[in-house]
Amino acid sequence: MQSSFVTTNGIQLHYLHFPGDGPTIILMHGLTANAHAFDGLI
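Residue numbers (our numbering): 335 to 376.
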């Protein structure tokens with residue numbers, strides 16, 4: 335897993351990258367959640 339930040343249109347976003355052979359998917363949690371909301375999926 336790689337933890338990184340990207341800034342676009344003046345907004346800084348944090349993302350986690352899990353390398354693999356499958357298709358790319360994007361999971362976005364709600365306002366009061368965090369990336370651990372998807373622990374059972376990744």
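For each residue, glycine too, the CB sits at the ideal point set by N, CA and C.
Proximity of residue i and residue j at Cβ, strictly below 9 Å
i: Ala-369; j: Leu-347; result: no
i: Ile-376; j: Leu-365; result: no
Proximity to residue i [Cα-Cα], best of the options
i: Ser-337; options: Leu-365, Pro-353, Ile-345; result: Pro-353
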